[in-house]
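Undergrad:
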Amino acid sequence: MSVLEIVAAAAIGLGSLLMLATAFGVAVFPDFYTRLHAAGKGDTLGQALVLAGLLCLGGDLTLVVKLVLIVFFIFIFNPTATHALARAGWVSGIVPWVRGGQDPGAPREPGA
Amino acid sequence: MGFVVTWLLLAGLWLGLSGFFDLIHLLFGAVSVTFVTALSHRYLTAGGPLGRGLRRLFGLLAYSPWLLWQVALANYDVLLRVLGIRRVDPQVVRFRPGLASEFGKVTLANSITLTPGTVTVEVAGGEFIVHAIAPEAAADLAEGAMVRRVRRLEGSA
Amino acid sequence: MPVALAAAVVVILLGVLVLLRRVIVGPRLLDRVVAVNVIGTKTIILLALVGYLAGRPGFFLDIALSYALINFVGTIAVLRYYEGRVRRGEPVEEEA
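Residue numbers (this note's numbering), protein chains in the order written: chain V, 37 to 148; chain S, -5 to 151; chain P, 35 to 130.
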């Protein structure tokens, strides 16, 4: 194994573990908004790490372009989708969970 | 002008993705690039003159290394909270960053979502509603380093 | 290297399994949408990894790229429909 391959394996391993942590975050966090935190953040870096690892494995120029484009899309799409989800939750009146009681910033009654 | 620049960008994308340079593939490419350009060329200049759009693009590139670092920190932060090392104690914050342009607001909203512990929930007029996963994340936001960076980006564009 | 790639595939699939639980229990429709969206982004990475395992990365990365676009547009489409129903005052959650 060359040095580059070891770096690739390390990045892929770390990235996939981060993605697993994200999944656990979405599974265990207490309410919709906190789950969004896990979904919106954990995945961005995990995926970028895995794809960077694949990039280290080499290949022709089109592979490099495709991998970089996927990372670029994820960096644009993930926060945008997170924000769209948060807004949908807010307008439909999902009240944020807080430790011990209602949040004073909560907007209106749940619509659903 | 927007048509030509969009066409060139899309043609570059086609060449980068296809990897075939024989006549028939280039012909297919030219046809689809022209078709997509006809559909989408107005978006590049929708926010004002073309020069400003391109300046903003480069401003964003200069801004992105700092953002990448913030994303890494955010992942670490989420990891610690999943593992229960840091507490989950959310709150909702409202504030007015005083940004003039749509571009500045979009950049700030996306940056808040990517940085540790905060997610932009709603941007209504000039007011931002932000969900923070813990008090220290809300305090970082109130300190305002990010708003200053976005304001600088907005001023330079 | 195939071992590392296969291990990553297994780890990510484990994550998908954990997320499927959230898709099933909800409790709200939006909780399910969040989980499905995360599964979708994991699918992109799985496609890329499987492509390298199968020795045809270029072909699989094309699919991953298209899937990234479809996943995003799909999430936004569901949310527009959802927000439209909320705005018209129609019920958005199924009766328990």
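From the three backbone atoms N, C-alpha and C, an ideal C-beta is built for every residue, glycine too.
Give a yes or no on whether the C-beta atoms belonging to P/Thr75 and V/Ile112 are separated by under 8 Å.
TA: Within the third sequence, the letter at position 41 stands for residue 75 of chain P. Within the first sequence, the letter at position 76 stands for residue 112 of chain V. The answer is no: Cβ separation not under 8 Å.
Undergrad: With DSSP run on the structure shown, which of helix, strand or coil describes V/Ala57?
TA: For the purposes of this step, residue 57 of chain V is identified with residue 21 of the first sequence, where counting begins at 1. In the structure shown, V/Ala57 sits in a helix (DSSP, three-state: H, G or I).
Undergrad: Since I believe P/Ala42 is in contact with V/Gly95 (beta carbons under 8 Å), could you give me their beta-carbon distance rounded to a whole number of angstroms?
TA: The residue labelled residue 95 of chain V in the question sits at position 59 within the first sequence. The residue labelled residue 42 of chain P in the question sits at position 8 within the third sequence. Not a contact, Cβ separation roughly 18 Å.
Undergrad: Output, in sequence order along the chain, the residues in the segment 44 to 61 of chain V whose CB is closer than 8 Å to any CB in chain C.
TA: Note that chain C does not occur in the displayed structure, where the protein chains are V, S and P.
Undergrad: Mark S/Ala139 as exposed unless 16 or more other C-beta atoms lie within 10 angstroms of its C-beta, in which case mark it buried.
TA: The residue given as residue 139 of chain S occupies position 145 in the second sequence. Per the 10 Å Cβ criterion, exposed.
Undergrad: Using a Cβ-Cβ cut-off of less than 9 Å, give me the residues of the segment 114 to 131 of chain V that come near chain P, in sequence order.
TA: Asn114, Thr116, Ala117, Thr118, Ala120, Leu121, Arg123, Ala124, Gly125, Val127, Ser128, Gly129, Ile130
Undergrad: Looking at C-alpha atoms only, which residue of P/Ile46, P/Val45, P/Arg66 is the closest neighbour of P/Arg55?
TA: Here residue 55 of chain P is taken as the residue at index 21 of the third sequence, counted from 1. Measuring from the Cα of P/Arg55, the nearest candidate turns out to be P/Arg66.
Undergrad: Relative to the C-alpha of S/Val76, which candidate in V/Leu105, V/Ser128, V/Val64 has its C-alpha closest?
TA: For the purposes of this step, residue 76 of chain S is identified with residue 82 of the second sequence, where counting begins at 1. For S/Val76, the closest C-alpha among the options V/Leu105, V/Ser128, V/Val64 is that of V/Val64.
Undergrad: Report the neighbours of S/Glu116 on chain V: residues whose CB is nearer than 7 Å to its CB, in chain order.
TA: As a working mapping, residue 116 of chain S is identified with position 122 in the second sequence. The contacting residues are Arg123, Trp126.
Undergrad: Among S/Arg146, S/Val82, S/Pro91, whose alpha-carbon lies nearest the alpha-carbon of S/Ala131?
TA: Here residue 131 of chain S is taken as the residue at index 137 of the second sequence, counted from 1. Closest option to S/Ala131, Cα to Cα, is S/Val82.
Undergrad: Do S/Phe160 and S/Arg50 have their C-beta atoms within less than 8 Å of each other?
TA: Chain S is shown only over -5 to 151; residue 160 of chain S falls outside these bounds and no answer can be derived.
Undergrad: Mind listing which residues of the segment 82 to 95 of chain V have their C-beta closer than 9 Å to chain P's C-betas, in chain order?
TA: Taking 9 Å as the Cβ-Cβ cut-off against chain P, the residues of the segment 82 to 95 of chain V that qualify are Gly82, Gln83, Val86, Leu87, Gly89, Leu90, Leu93, Gly95.
Undergrad: Are the C-beta of V/Pro146 and some C-beta of chain S separated by less than 8 Å?
TA: The residue you call residue 146 of chain V lines up with position 110 of the first sequence. Confidence in V/Pro146 is poor, its pLDDT being 36 and thus under 50, which makes the residue's placement too unreliable to answer from.
Undergrad: Comparing the C-beta of V/Leu72 with each C-beta of chain P, is any distance below 8 Å?
TA: Along the first sequence, one-based indexing puts residue 72 of chain V at 36. Cβ-Cβ to chain P under 8 Å: yes for V/Leu72.
Undergrad: Inspect the beta-carbon positions of P/Tyr192 and V/Ala124 and report whether they are closer than 8 Å.
TA: Because chain P spans 35 through 130 in this model, residue 192 of chain P falls outside it and cannot be assessed.
Undergrad: Note down the Cα distance separating V/Pro146 from V/Val127, rounded to an integer number of angstroms.
TA: The residue labelled residue 146 of chain V in the question sits at position 110 within the first sequence. The residue labelled residue 127 of chain V in the question sits at position 91 within the first sequence. A caution first: V/Pro146 carries a pLDDT of 36, below 50, which makes its placement in the model too unreliable to give a value.
Undergrad: Between V/Leu103 and chain P, is any beta-carbon pair separated by less than 8 Å?
TA: Taking the first residue of the first sequence as 1, we reach residue 103 of chain V at position 67. So yes, V/Leu103 belongs to the interface.
Undergrad: Quick one: is V/Phe65 near chain S, going by C-beta distance under 8 Å?
TA: Sequence index remark: in the first sequence, residue 65 of chain V carries index 29 (1-based). Judged by the 8 Å Cβ criterion, V/Phe65 is in contact with chain S.
Undergrad: Going by DSSP, what residue range makes up the beta strand (DSSP E) through S/Thr112?
TA: Here residue 112 of chain S refers to the residue found at position 118 when the second sequence is read from its first residue. For S/Thr112, the enclosing beta strand (DSSP E) starts and ends at 112 to 118.
Undergrad: Report the residues of the segment 84 to 98 of chain P with a CB closer than 8 Å to any CB of chain V, ordered along the chain.
TA: Tyr86, Pro91, Gly92, Leu95, Asp96, Ala98
Undergrad: Under 8 Å: do the segment 59 to 68 of chain S and the segment 21 to 30 of chain S share three or more Cβ pairs, one atom per stretch?
TA: Contact check between the segment 59 to 68 of chain S and the segment 21 to 30 of chain S: fewer than three CB pairs, one atom from each, fall below 8 Å, which does not count as touching.
Undergrad: Just list the residues that DSSP pairs S/Ala126 with in beta bridges.
TA: Taking the second sequence and counting its residues from 1, the one referred to as residue 126 of chain S is at position 132. According to DSSP, S/Ala126 shares a beta bridge with S/Gln85, S/Thr112.
Undergrad: Given a cut-off of 8 Å on the beta-carbon distance, is the pair P/Val84 and V/Ala75 in contact?
TA: Indexing the third sequence from 1 puts residue 84 of chain P at position 50. Indexing the first sequence from 1 puts residue 75 of chain V at position 39. No.
Undergrad: Under 7 Å, CB to CB, which of the residues in the segment 51 to 82 of chain P have a partner in chain V?
TA: Residues are counted here when their Cβ sits less than 7 Å from a Cβ of chain V; for the segment 51 to 82 of chain P these are Val52, Leu53, Arg55, Arg56, Arg62, Leu64, Asp65, Val67, Val68, Ala69, Asn71, Val72, Thr75, Lys76, Ile78, Ile79, Ala82, given in chain order.
Undergrad: In whole angstroms, what separates the C-alpha of V/Leu54 from that of S/Leu73?
TA: Looking up residue 54 of chain V in the first sequence gives position 18. Looking up residue 73 of chain S in the second sequence gives position 79. The straight-line gap from Cα to Cα measures roughly 8 Å.
Undergrad: Is S/Ile127 near V/Thr70, with beta carbons less than 8 Å apart?
TA: Indexing the second sequence from 1 puts residue 127 of chain S at position 133. Indexing the first sequence from 1 puts residue 70 of chain V at position 34. Between S/Ile127 and V/Thr70, the gap from beta carbon to beta carbon is short of 8 Å.
Undergrad: Among the residues of its own chain, which have a CB less than 8 Å from the CB of S/Val124, if the five just before and after it don't count?
TA: To locate residue 124 of chain S, count along the second sequence from 1; it is residue 130. Result list for S/Val124: Val86, Val87, Arg88, Phe89, Ile106, Thr112, Val113, Thr114, Val115, Ala132, Leu135, in chain order.
Undergrad: Under 8 Å, Cβ to Cβ, is there at least one residue of chain P near V/Leu99?
TA: Mapped onto the first sequence, residue 99 of chain V falls at position 63. By this cut-off, V/Leu99 is an interface position.
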